[in-house]
Each structure stands twice: as C-alpha cells, then as structure tokens.
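Accompanying notes for the structure given below.
Chains as they are written, first to last, in my numbering: chain A, 1 to 263; chain B, 264 to 593.
Okay, here's the thing in structure tokens:
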C-alpha cells in the first residue's frame with residue numbers, strides 16, 4: 001500500500017483510477033443486468049422477434065425505453081410498424097450518431113437480417129404499416145411519369161425541391177434529397193411520415209399514385225443536364241452565388257489589371 | 264518656442280517615366296507579340312465555337328472535375344464564345360497599355376458659354392426659320408398641329424387603364440360554398456376522415472360541378488391543406504374547435520403575406536412554413552404566426568361531414584384568403 005501511495009500524485013494516477021472505476025461499474029452492471037432478458041424468454045415468440053428484441057435492448061432501448069414506450073428524448077415506437085423501422089434503421093438514420101435535430105442518412109449499423117429482425121419485433125408490439133413487398137414495388141411497370149410529376153409538384157416539391165434535391169426546414173432541420181434513395185425507402189417514407197415529414201395515406205395518394213411518384217423520381221435521377229452545369233438544380237441560389245463570387249471576382253480582377261501602371 | 268513650419272513649395276508634376284517598350288526595341292517587339300497572341304487566342308475561340316456547334320453532338324456528356332458529368336456541346340460553345348470575346352478585349356487593352364503613345368498632355372478647361380457672335384448667329388437663324396415657316400400667319404396649320412399634338416399625348420394616358428381593372432369582389436370570395444366537398448389534388452377524389460391517419464396531410468380543392476374544369480386562377484384562391492392531429496393537441500377557441508372534425512383541421516394554403524403556397528408541414532413541431540419568406544404558422548393554435556413577415560394567420564376553413572360521410576365545407580371562408588390588397592374589407 002505504501003508503494004502504491006507513492007504514485008498517487010503521478011500525472012496518470014487520476015485518469016487510471018477513473019478508468020478502473022468505470023470498468024468496475026460497467027462489469028457489475030452487465031453482470032447484474034444479464035438475467036433480465038431471460039425473465040421474458042418464457043413468452044412464446046418467433047425466433048426473429050426474439051432476436052429483434054435482443055438487438056432492440058442493446059441498441060435502441062436507452063432512448064426508446066425497454067418496451068419501446070418512448071422517453072424524454074425519443075418517441076414511442078408502438079404502432080409505427082415494420083415499414084418505419086426498415087426506413088429508419090435500413091437507411092442508417094437510426095441509431096442516431098448524436099443528438100442533433102435530425103437523423104441523417106448514413107452507412108447502416110445493422111445488416112439487412114438484423115434490420116428485418118428489429119422490424120419484426122417492433123411490428124409485434126402494435127399493428128402498423130408493413131414493409132412493402134417486391135410484388136408492390138412494380139413502379140417500372142405500373143407507374144405513370146407524367147402523373148407522378150403532377151403529384152410530386154403538389155405534394156412533395158415544397159419541401160424536397162422541384163427537382164427532388166431537398167431543401168431547408170426550420171431550426172436546422174431539412175428535407176433530404178430524394179435522389180439516390182431506393183424505391184422501397186421512398187415508399188416507406190410516404191406511408192410512415194418519418195421525422196418532420198407528414199404521412200401520405202393510401203387513400204389520399206393511392207398506392208398506384210405512389211408508384212407514379214417513384215417512377216418520376218427515378219426519371220429525374222437520370223435526367224441529363226442538357227443546358228450545361230446544373231449547379232445542384234436548386235435554382236437561383238447556386239447561380240447567384242456563382243455570379244456574385246466568381247463573376248464579380250473576375251470583374252474586380254479585370255478592373256485592377258486595367259488600372260495598374262505599366263513600367 | 265516657435266512651432267511654425269515652413270510651407271511646402273509646390274512640388275509640380277512628377278517626372279514622366281517612359282515605359283520599357285518606349286525605349287527598348289526588344290521590349291517593344293515582345294509586347295507586340297503578346298498582343299498578337301491575345302488576338303490569336305480569340306480566333307481559336309471562335310474556331311472552337313464553330314466546331315462545337317457543328318461537330319459536338321448535343322447529347323455528349325463528359326466528366327469534368329468539380330462540375331461532374333457535363334454536356335460537352337454546351338460547355339465548349341460557352342468556352343469558345345468566351346475566349347473569342349474576352350481575348351479581343353484583352354488584346355486591345357494590352358495594346359493600349361504597352362504600345363500606344365503615352366505622352367502626357369495638359370488640356371485646360373474652357374468656358375462653357377458660347378462666344379457672343381455665335382450666339383447672335385444662332386438667334387438670327389431661328390428667327391429666320393420661324394418667319395419662313397409662316398407659323399404666325401397660317402393659323403389653320405397652327406391649330407391643327409396643336410390638335411394632333413394634344414391627341415398624341417392622350418394615347419399613353421389611355422394605356423394607363425391597363426393597370427386595372429380593380430379586382431373588386433373577386434379576391435373576397437373563393438369557390439368554397441356551404442356543403443362543397445373536399446377532393447384530393449390531383450385526383451379529385453372525395454375524402455372521408457378515416458382516409459387520414461394522425462400526422463397525415465392532404466392537398467385539397469373544392470369538388471367540381473359536373474362538366475366544370477379546373478381554372479388556375481381559382482386554384483390560386485381555393486387551395487386548402489388538410490392536416491390531422493390528435494384532437495387533444497388543439498389549443499383553439501370553442502368556435503374554431505367546432506370548425507375541425509375529429510382532429511382534422513383545414514387551412515387556406517395561400518400565404519397571408521405574399522400568396523405563396525404554404526405547405527411545408529413539419530409533423531413533429533406541427534409548424535407550417537412558407538417557402539418564400541419563412542413565415543411560420545403554428546397549426547394547433549389556428550395557424551398563429553410565430554415567425555416571419557406574415558401579418559395574419561392563415562384563414563381556417565370550417566369542415567364537417569355530409570350524409571355520406573365525406574368531408575365538406577361547413578361554410579365559405581369567413582375572410583378573404585391570401586395577401587393584403589387595397590380593397591380588403593377586413
């Protein structure tokens with residue numbers, strides 16, 4: 001003990017002590033906590049649901065609550081449906097990287113099997129919109145691009161921009177670009193209304209009309225910029241920026257060149 | 264102690280320093296070649312423009328760093344024209360700066376008033392012309408000329424009428440009548456409350472009478488946004504609450520500031536944003552303005568159900584929709 005106390009004023013002493021304490025608390029907690037999932041294992045649930053529950057307890061419950069009932073910082077997941085889980089987790093939006101105002105698209109943390117298991121678990125809690133199957137996503141065959149364009153301009157363009165490039169909302173929130181999102185993701189967003197986006201019910205925009213919107217978006221993705229540089233297709237913002245910085249800079253440069261004295 | 268400072272003597276103009284090209288024949292030749300090079304670049308630009316127009320296919324896309332996939336036809340047309348014009352100008356400026364004479368010349372200002380003899384000549388000429396035209400004697404010409412000149416002035420005055428006519432009552436009312444069904448836009452399908460989940464929105468227009476067609480001017484007044492909330496989320500007066508149905512509330516989509524379509528609905532904050540000037544309306548509090556330049560809340564449309572269970576307007580809008588105008592009654 002005397003030998004140890006000689007080092008108590010060493011500069012690494014307090015960080016090491018802190019690490020040790022954290023390690024102790026962590027292991028104690030996990031040992032104490034290890035028995036709790038077993039308690040509910042007696043409930044008869046399918047294997048996928050059970051696997052989903054395990055993932056949920058590890059990855060989601062700290063914010064959404066042990067039974068997905070929601071908390072101070074995260075909404076309840078009762079009734080959000082499998083489609084919502086597939087959208088949020090499948091695109092990497094959930095789990096969030098930090099407590100920013102909006103969860104953004106990133107590399108998914110879970111593989112497709114784990115996402116499916118999570119979706120099954122959340123869907124088993126309360127009924128909600130299901131994941132659209134491949135038999136529904138026949139937009140190439142059934143979609144009507146012209147109708148999709150009309151629907152997009154009325155229902156989507158005010159937030160997602162007239163060319164689907166996304167746009168700003170309030171307080172740092174934004175509507176993301178729909179370019180590059182896969183068809184199933186777009187469909188799920190419309191039926192679940194993720195984050196700031198409202199729901200577009202099947203009776204207001206029918207499934208056939210939703211396919212038309214997706215077909216229009218897929219068409220807009222490959223639309224070539226025939227008029228030259230598209231500048232992000234956000235209209236006068238980038239065009240103005242380019243003129244005010246590059247164009248004005250060029251004019252100032254020329255003015256300086258014109259008036260320099262020649263030796 | 265005296266702090267007087269000796270006045271500066273007039274320094275005069277600084278000595279004129281000649282350019283290198285004025286004194287050194289090698290520098291002169293070099294400047295001459297530079298000017299010629301600029302003009303040659305301009306010629307190449309024109310050739311590039313003609314080549315792009317004739318031979319680069321308008322569907323050819325090439326990859327350019329930063330710009331990404333770019334249409335080569337448009338890109339080289341632009342670059343060619345830019346070079347052809349810019350380098351003519353640059354050549355001319357370079358020529359003037361380096362080679363044209365740079366002798367300093369002093370030009371004194373002269374008096375603005377013309378000399379007396381020139382003024383007298385001018386007055387004599389005017390008087391002679393007036394006498395020759397006989398304007399004083401030929402009164403019929405004088406009067407008809409005055410008539411025609413006066414009438415010419417009337418034409419632009421008459422054209423001012425195109426600033427009107429005033430909208431009169433057109434902006435006070437919309438197509439919404441008591442009992443008009445709400446239909447989806449586009450699609451024109453009537454809506455039942457069960458069609459909207461909590462958190463859902465619908466863009467709606469008044470149902471068309473048989474054989475009627477959508478008129479853009481009417482859509483500009485009639486467009487309405489339906490939003491469904493949980494009924495307990497409303498903070499409305501009892502009258503306004505009776506205008507909603509099972510948590511479904513309807514607002515005019517035409518911004519009360521400048522008339523843009525207000526339809527950016529944030530489901531979580533329950534705010535409606537206008538994309539033009541960021542006016543923000545709080546939906547649970549009857550679209551109260553909480554940010555931005557809008558002066559009034561969005562007008563609320565009273566809705567109820569008809570006998571078949573479809574959503575209908577309980578009454579027309581109680582105030583004019585959209586931005587302020589001179590004749591606005593309220």
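Beta carbons: idealized from backbone N, C-alpha and C, even for Gly. Quick caveat: nothing in here was measured; it's all calculated off a predicted structure.
6 angstroms Cβ shell around residue i - same chain, five flanking residues per side excluded
i: residue 79 of chain A; result: 126, 128
i: residue 37 of chain A; result: Its pLDDT being 43, under 50, residue 37 of chain A is placed unreliably by the model, and the measurement read from it follows with that caveat. Result list for residue 37 of chain A: empty, nothing under 6 angstroms.
i: residue 344 of chain B; result: 312
i: residue 496 of chain B; result: 547
i: residue 9 of chain A; result: none
i: residue 411 of chain B; result: none
i: residue 85 of chain A; result: 118, 119, 122
i: residue 267 of chain B; result: none
Same chain, Cβ closer than 7 angstroms to residue i, neighbours up to 5 away in sequence not counted
i: residue 465 of chain B; result: 447, 454, 459, 489
i: residue 405 of chain B; result: 398
i: residue 87 of chain A; result: 185, 188, 189, 192, 194
i: residue 285 of chain A; result: What the structure shows of chain A is the stretch from 1 to 263, and residue 285 of chain A is not part of that stretch, so it cannot be assessed.
i: residue 60 of chain A; result: 95
i: residue 321 of chain B; result: 336
i: residue 332 of chain B; result: 324, 326
Own chain partners of residue i with C-beta closer than 8 angstroms, once the 5 adjacent residues on each side are dropped
i: residue 66 of chain A; result: 57
i: residue 183 of chain A; result: 137, 139, 214, 218
i: residue 548 of chain B; result: 498, 499
i: residue 44 of chain A; result: With a pLDDT of 43 at residue 44 of chain A, under the threshold of 50, the modelled position of this residue cannot be trusted; read the value that follows with caution. Contacts found: none.
i: residue 200 of chain A; result: 155, 190, 191, 193, 210
i: residue 113 of chain A; result: none
i: residue 279 of chain A; result: Missing from the structure shown is residue 279 of chain A; chain A here goes from 1 to 263 and no further.
i: residue 285 of chain B; result: 291, 365
i: residue 271 of chain B; result: none
i: residue 323 of chain B; result: 334, 335, 336
i: residue 130 of chain A; result: 81, 82, 83, 123
Candidates the options: closest to residue i by CA position
i: residue 570 of chain B; options: B:341, B:444, B:547, B:371; result: B:444
i: residue 123 of chain A; options: A:256, A:83, A:54, A:227; result: A:83
i: residue 576 of chain B; options: B:293, B:285, B:485; result: B:485
i: residue 178 of chain A; options: A:189, A:172, A:171; result: A:189
i: residue 120 of chain A; options: A:145, A:52, A:181; result: A:52
i: residue 91 of chain A; options: A:173, A:106, A:246; result: A:106
i: residue 232 of chain A; options: A:163, A:198, A:14, A:49; result: A:163
i: residue 483 of chain B; options: B:510, B:452, B:435, B:394; result: B:435
i: residue 204 of chain A; options: B:395, B:332, B:491; result: B:491
i: residue 108 of chain A; options: A:89, A:143, A:151, A:25; result: A:89
i: residue 327 of chain B; options: B:338, B:318, B:384, B:400; result: B:338
i: residue 349 of chain B; options: A:18, A:251, A:76, A:19; result: A:251
i: residue 46 of chain A; options: A:142, A:116, A:20; result: A:116
i: residue 229 of chain A; options: B:342, B:371, B:269; result: B:342
i: residue 132 of chain A; options: A:234, A:152, A:146, A:208; result: A:208
i: residue 181 of chain A; options: A:18, A:150, A:216; result: A:216
i: residue 588 of chain B; options: B:310, B:429, B:394; result: B:429
i: residue 559 of chain B; options: B:288, B:574, B:378, B:543; result: B:543
i: residue 450 of chain B; options: A:97, A:236, A:147; result: A:147
Rounded distance between the beta-carbons of residue j and residue i, thought under 8 angstroms
i: residue 432 of chain B; j: residue 579 of chain B; result: Not quite, the Cβ-Cβ distance comes to about 13 angstroms (not below 8 angstroms), so this is no contact.
i: residue 462 of chain B; j: residue 193 of chain A; result: 5 angstroms
i: residue 315 of chain B; j: residue 340 of chain B; result: 5 angstroms
i: residue 457 of chain B; j: residue 519 of chain B; result: So it is not a contact: roughly 31 angstroms between Cβ atoms.
i: residue 478 of chain B; j: residue 585 of chain B; result: Rounded, the Cβ-Cβ distance is 16 angstroms, inconsistent with contact.
i: residue 73 of chain A; j: residue 63 of chain A; result: 6 angstroms
i: residue 76 of chain A; j: residue 144 of chain A; result: Not quite, the Cβ-Cβ distance comes to about 37 angstroms (not below 8 angstroms), so this is no contact.
i: residue 282 of chain B; j: residue 263 of chain A; result: 6 angstroms
i: residue 481 of chain B; j: residue 515 of chain B; result: Not really, about 13 angstroms apart at Cβ, beyond 8 angstroms.
Whether or not the stretch 278 to 297 of chain B and the stretch 353 to 373 of chain B are in contact is what I'm after, with contact meaning three or more pairs of Cβ atoms, one per stretch, closer than 8 angstroms; do they touch?
yes
Is the stretch 146 to 161 of chain A close to the stretch 521 to 540 of chain B, with three or more CB pairs under 8 angstroms?
yes
Just checking, does the stretch 556 to 569 of chain B make contact with the stretch 499 to 510 of chain B on the three C-beta pairs under 8 angstroms criterion?
Under the Cβ criterion (8 angstroms, minimum of three pairs), the stretch 556 to 569 of chain B counts as touching the stretch 499 to 510 of chain B.
contact_flag[the stretch 217 to 235 of chain A, the stretch 462 to 476 of chain B] where n(CB pairs < 8 angstroms) is 3 or more
Counting Cβ pairs under 8 angstroms, fewer than three are found: no touch.
At 4 residues or longer, and completely inside the stretch 370 to 434 of chain B: list those alpha helix (DSSP H) runs for me, N to C.
379 to 396, 402 to 422
Stretch pair the stretch 165 to 172 of chain A + the stretch 520 to 533 of chain B: three plus CB contacts closer than 8 angstroms
yes
Kindly provide the ranges of any beta strand (DSSP E) runs that are 3 or more residues long and lie completely inside the stretch 298 to 349 of chain B, ordered along the chain.
Within the stretch 298 to 349 of chain B, the complete beta strand (DSSP E) runs of at least 3 residues are 324 to 327, 331 to 334.
Extract the residue ranges of the alpha helix (DSSP H) inside the stretch 72 to 149 of chain A, only unbroken runs of 4 or more that lie entirely within it.
81 to 90, 112 to 125, 139 to 142
Are at least three pairs of beta-carbons, each pair with one atom in the stretch 361 to 368 of chain B and one in the stretch 240 to 258 of chain A, less than 8 angstroms apart?
no
If contact means a Cβ-Cβ distance below 7 angstroms, which residues of the stretch 213 to 237 of chain A contact chain E?
The displayed structure is made up of protein chains A and B, and chain E is not among them.
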